[in-house]
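The block underneath contains the structure these notes are about, expressed in C-alpha cells.
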Amino acid sequence: MVAATTLIDSAEPAFEHLFLDEYGRVVSVAFRITRDAAEAEDVAQDVFARFARSGQTNFDRARAWLYPATVHIALNALRARRRRSAREHREFALRRSTEDYAQRATDPQSILERSDDAALLRTALLRIPSRDAEILALRYGGFSYREIAETLGIDAAQIGTRLARAERALKREIERETSR
Amino acid sequence: MKHLDSGELRRMLDEPQAFSDQARLHAATCEQCRARAAIVAADAAHAARIFAGEVSADAGEAYLRARDFVAAPRGITRWYRPLAAAALAAAFVLGLLFTPLGGYGRSFLTIFEPRQFQPIEVSRADLQDLHLLPQADDVGIQRVVRKPVRQSYDSITAAQRRTGFAVLGPTVLPAHFGVVRSFFTMAPGEMTFTFSAAKARAFERRSHKSLPPMPRALDGTTVRLQTGYVFNGHYEATTSQAAHPQTTHKRSRGTEFFELIEAQSPHVTSTGASLDTLERYLLAMPNVSPQLAAQIRALGDIQNTVPVPVVIDKQTARRVTVNGAQGLAIGDNTGLGAGVMWEKNGMIYVVAGPLSMNDVMAVANGLR
Chain A
0 MVAATTLIDS AEPAFEHLFL DEYGRVVSVA FRITRDAAEA EDVAQDVFAR
50 FARSGQTNFD RARAWLYPAT VHIALNALRA RRRRSAREHR EFALRRSTED
100 YAQRATDPQS ILERSDDAAL LRTALLRIPS RDAEILALRY GGFSYREIAE
150 TLGIDAAQIG TRLARAERAL KREIERETSR
Chain B
0 MKHLDSGELR RMLDEPQAFS DQARLHAATC EQCRARAAIV AADAAHAARI
50 FAGEVSADAG EAYLRARDFV AAPRGITRWY RPLAAAALAA AFVLGLLFTP
100 LGGYGRSFLT IFEPRQFQPI EVSRADLQDL HLLPQADDVG IQRVVRKPVR
150 QSYDSITAAQ RRTGFAVLGP TVLPAHFGVV RSFFTMAPGE MTFTFSAAKA
200 RAFERRSHKS LPPMPRALDG TTVRLQTGYV FNGHYEATTS QAAHPQTTHK
250 RSRGTEFFEL IEAQSPHVTS TGASLDTLER YLLAMPNVSP QLAAQIRALG
300 DIQNTVPVPV VIDKQTARRV TVNGAQGLAI GDNTGLGAGV MWEKNGMIYV
350 VAGPLSMNDV MAVANGLR
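Printed below as a string of C-alpha cells:
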C-alpha cells in the first residue's frame, strides 16, 4: 500500500492530471444522486481523497475505480441525510401535539416538499438496486454507452437492457412514492 | 427480422447509429416493437426530466483543496486499531454495557462468555449520541480491582510462556511483511461497577438532564468484568521508507501493518437486579436511538454474543468461516481496511489492519 502523501509526492503529476480531467464528471455523476451541488462537490473531494489514499498506482484504470466509488459515496451521503431527517422528524414530532402533527401533515408546504422532484429522486435511488442507481447516475451524468461499459467492465450491448430496467424501476418507485 | 428487445430499443433512443439500417427500419415499422419502444421512451423521458440539471465545478480550485486535504496529517490507524482491539473493546465496553441486557434475566448470577460476534448497525449520529450518554461514574461507582499489566516480548515463544496458552502465529503474511513486528501480552484484569441511584440523581441535578428512574432492584447491583491473558502481535511491512530513518514522519502515516489479538474470553457476572431490569434501564437512557435499542433487544443468544458496532456508511459486515470457526468480517467501504474476529475453544481472535479483506483473511486462515 502507498500512503496518500507518498502518492501525492511521487505521482503528483499523474494525480493532478487525473483530478483535473475527471473532477467535473465526478461532480456531475454525484449531482445526479445528491441533487445538491455543494454536496456533490463534497462527494467528489471524498472520492479523490480516498483514491489517493488507496495507494492505486495504475492510473489507466482509475476511472473504473472513481465512478463506482462516486456512486457508492453519494448514495451513502443520501442515507446519512435520510437518517438525519428521520431523527429530526422524530424529535420534532415528539414535541408537537397530535393536533399539530395532523395539521402539519396537511400543510401545503409539507405536501410541496414531499412532491419535490429532488426529494422523490433521492428516495427512489435508495430504494432501487444500487447497480440500477449506478447506471442511471453514469448515463445521466454524461457517459456514453461505451464509457459506461468500460467503467463498469461490462459489454456495451448490455447497457441498454440495464438502463431500461433501471429507468423502469426508478419510475415505479417514484410513482409509488407520489401515490402515498 | 426478429423483434428488438427492450435494451436495443433503449439504446436506439440514444445511439441509433449503433444499429444497422435494417434494424432501424424494423423498429420504425414493426407495431409490436413500436409499442414497446413507446414504453421504454416514456421511462427514459421521465428519467431524463428528473435527472436534468447542470452543475459547474472549478477543478483547479478543487484540486488545491483536495491536495491539502489528502496531504493533511491523519492517523493511518483510523478504526483499525480499535477494530483490532474489538475483542477487548466489544467485550469490555459493549459487553459491560449491553451484554447483561438481553433476555437472560432468569438467573440471579449472570455469566457472559463471548462465543460469537453479531454486527449492529450504527450511524455516525448514533455514535455521536452515545458520546452524550452519562459516564459510568455518573450512575455508579467503578473500581479497578486488578489492573491489566502490559509487557513486550521479542518473540511469540517468549510471549506464550507468559500467557500460558498456545499462541497462534501467522504462517501467511501479505507481501513485504515479516520483519518489523512486536509482541505484547496483557495480564488478567478485573473491574467492578456498582449502580447507584443516588449518583444518578446527583447527575440529573448537576447536568439538568433526565435519566430513566433507576429501579430499586438495580440500585446497588454490581457487574464484574474479569479478563484473561491477552496476546497482541503487531506486524508491519518492511518498506523502503521504513529502512530510512529520515522518513520516519512519513512512515508513521504510511506503513502497512496489521494487529493480531488472541485473548482468553472475558467473563461478566452480575449480582442484584435481573438482567431484564438492566436492559430496560440502560436502553431507556437518553441518546440511545430506538433503532439501536431494537437491535440490542433482537440479539438472540445474548449471553454469548458480542455486539460489534458497524458504521452504516463506513463499514460492511459479513459472516465468514475462519479456521473452521464462524467469524465476523468487517470491511471499510473503500477497501482500505479490514478486520475479522472469531471465537474458538474459549479464545477470541482478531486480525485487523489497513489491508485488503483478502490479505486479512489469508493471515487469519493461516494462523497455526
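These protein sequence lines map, in sequence, to chains A and B.
Going by numbering that gives the first Met the number 0, the first residue of the first sequence is number 0, and it counts up by one from there.
Going by numbering that gives the first Met the number 0, the first residue of the second sequence is number 0, and it counts up by one from there.
Note that the Cβ used here is the ideal one computed from N, Cα and C, for glycine as well.
- Message: Quick check: the Cα distance between A/A136 and A/R31, rounded to an integer number of angstroms?
- Response: 6 Å
- Query: For A/D116 and chain B, any beta-carbon pair shorter than 8 Å?
  - Reply: yes
- Near the ligand ADP: A/L17 beta-carbon under 7 Å from a heavy atom: Absence of the ligand ADP from the depicted structure is noted, as is the absence of any ligand whatsoever, leaving it without description.
- Task: Quick one: grab the DSSP three-state call for B/A236.
- Result: strand
- Message: Residues of the segment 26-45 of chain B in Cβ contact with chain A at a cutoff of 7 Å, in chain order, please.
- Response: V39, D42, A43 and H45
- Item | A/G23 in three-state terms, based on DSSP | helix
- Among A/L119, A/A163 and A/D116, nearest to A/E133 - alpha-carbon criterion: A/A163
- Task: List the DSSP bridge partners of B/K368.
- Result: This structure gives no information on residue 368 of chain B, because the portion of chain B shown stretches from 0 to 367.
- Starting from B/L259, follow the beta strand (DSSP E) in both directions and report where the run begins and ends. F256 to Q263
- Task: Identify, in the order they occur along the chain, each residue of the same chain with its Cβ nearer than 6 Å to the Cβ of B/H25, setting aside the five sequence neighbours on each side.
- Result: M0
- Whole-angstrom distance between A/I72 and B/A328, CA atom to CA atom: 21 Å
- Query: Using a beta-carbon distance below 8 Å, is A/F58 in contact with chain B?
  - Reply: no
- Query: Which one or two residues does DSSP pair with B/Q416 in a beta bridge?
  - Reply: This structure gives no information on residue 416 of chain B, because the portion of chain B shown stretches from 0 to 367.
- Item | Same chain, Cβ closer than 8 Å to B/A46, neighbours up to 5 away in sequence not counted | none
- Query: From B/A337 to B/C32, what distance separates their C-alpha atoms?
  - Reply: 50 Å
- Determine the chain B residues that contact A/H71 at a beta-carbon separation under 8 Å, and present them in chain order. N332
- Task: Go ahead and pull the three-state DSSP assignment for B/N231.
- Result: strand
- Message: Taking the alpha carbon of A/F47 as the reference point, which residue from A/E38, A/A36, A/T33 and A/W64 has its own alpha carbon closest?
- Response: A/W64
- Output yes if chain A places a C-beta closer than 8 Å to the C-beta of B/F50; else output no. yes
- Item | N- and C-terminal bounds of the beta strand (DSSP E) containing B/S269 | H266 to T270
- Task: With a cut-off of 8 Å on the beta carbons, I'd call B/A58 and A/F18 a contact; round off their distance for me.
- Result: 7 Å
- Message: Give me, in chain order, the residues of the same chain whose beta-carbon lies closer than 7 Å to that of B/L82; leave out the 5 immediate sequence neighbours on both sides.
- Response: Here B/L82 scores only 42 on pLDDT, less than 50, and its place in the model should not be relied on; the value that follows carries that caveat. Excluding positions up to five away in sequence, the list reads I329, G338 and A351.
- Message: Taking CB distances under 8 Å as the criterion, tell me whether B/E14 reaches chain A.
- Response: yes
- Query: Using a C-beta cutoff of 8 Å, does B/R10 count as contacting chain A?
  - Reply: yes
- Enumerate in chain order the residues of its own chain whose CB-to-CB distance from B/A292 is below 7 Å, with the five nearest sequence positions on each side excluded. L282
- Does the segment 191-205 of chain B come within contact of the segment 150-168 of chain B, defined as at least 3 CB pairs closer than 8 Å? no
- Item | At least three beta-carbon pairs within less than 8 Å, the segment 314-323 of chain B to the segment 217-235 of chain B | no
- A/T160 at chain B interface by Cβ criterion, 8 Å: yes
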